[in-house]
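The structure under discussion appears below in the form of structure tokens.
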Amino acid sequence: TFVVDIGSAQGVSLADRVYLSGNIIIGAVTTVTKETSLVELFSSGGNKQESILSRTGTSFVLDGSGGSNFQLQVPKDTDVLWGDIFLYPGIDSSIIGSVYYIDSNSQSSFKTVHIRTPSNVFQSKSVFIDTSIR
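For the sequence shown, the residue numbers in this note's numbering are 29 to 162.
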């Protein structure tokens with residue numbers, strides 16, 4: 029989570045979506061005061077985030093694992109490839125993250141897909157809050 033220096037006085041409300049850029053979504057506003065807002069990252073440990081695999085249109089629920097990372101446990105034969113992009117569900121198709129590693133253990137019938145936000149959240153000096161969807 030992190031705090032931004034705008035709040036209800038500037039039109040921010042609970043559940044407003046937060047972006048690093050025009051199409052990279054990273055979280056949502058969870059607390060608002062008059063001058064500040066608390067943003068919870070979708071990738072925070074324990075968070076679950078619905079997503080859509082852009083290449084196939086298949087829906088998945090990503091598990092936040094902290095540090096702008098997500099994991100996804102799927103059967104080995106699930107069609108997920110390195111570089112695949114996961115999108116936030118909705119009309120605007122904002123990017124949640126892309127696959128950077130797939131761990132397939134020969135002893136298991138599942139594979140772990142590792143997904144990361146495409147930009148470094150922790151080096152960003154500003155974010156964008158979408159106040160238009162209510």
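Every residue, glycine too, gets a C-beta built ideally from N, C-alpha and C.
The criterion of a C-beta distance shorter than 8 Å is satisfied by residue 71 and residue 92. Take the alpha-carbon of residue 44 and the one of residue 134: they are about 42 Å apart.
If you draw a straight line from the Cα of residue 30 to the Cα of residue 66, it is about 6 Å long.
Bridge partners of residue 44 according to DSSP: none are assigned.
In this structure residue 77 does not touch residue 140 by the C-beta definition: roughly 16 Å separates them, more than the 8 Å allowed.
When 81, 137, 68 and 102 are compared, the shortest CA-CA separation from residue 122 is found for 81.
Straight-line measurement puts the Cα of residue 155 at about 32 Å from the Cα of residue 102. By the neighbour-count criterion, in which 16 or more other beta carbons inside 10 Å mark a residue as buried, residue 94 falls on the exposed side. Annotated three-state conformation of residue 149 is helix, per DSSP. DSSP lists 101 and 131 as the beta-bridge partner residues of residue 140. Taking C-beta atoms as the reference points, residue 46 and residue 54 count as a pair closer than 8 Å. Linking residue 113 to residue 83 through their CA atoms gives a straight-line distance of about 7 Å.
In the three-state DSSP reduction, residue 36 falls in the helix class (H, G or I).
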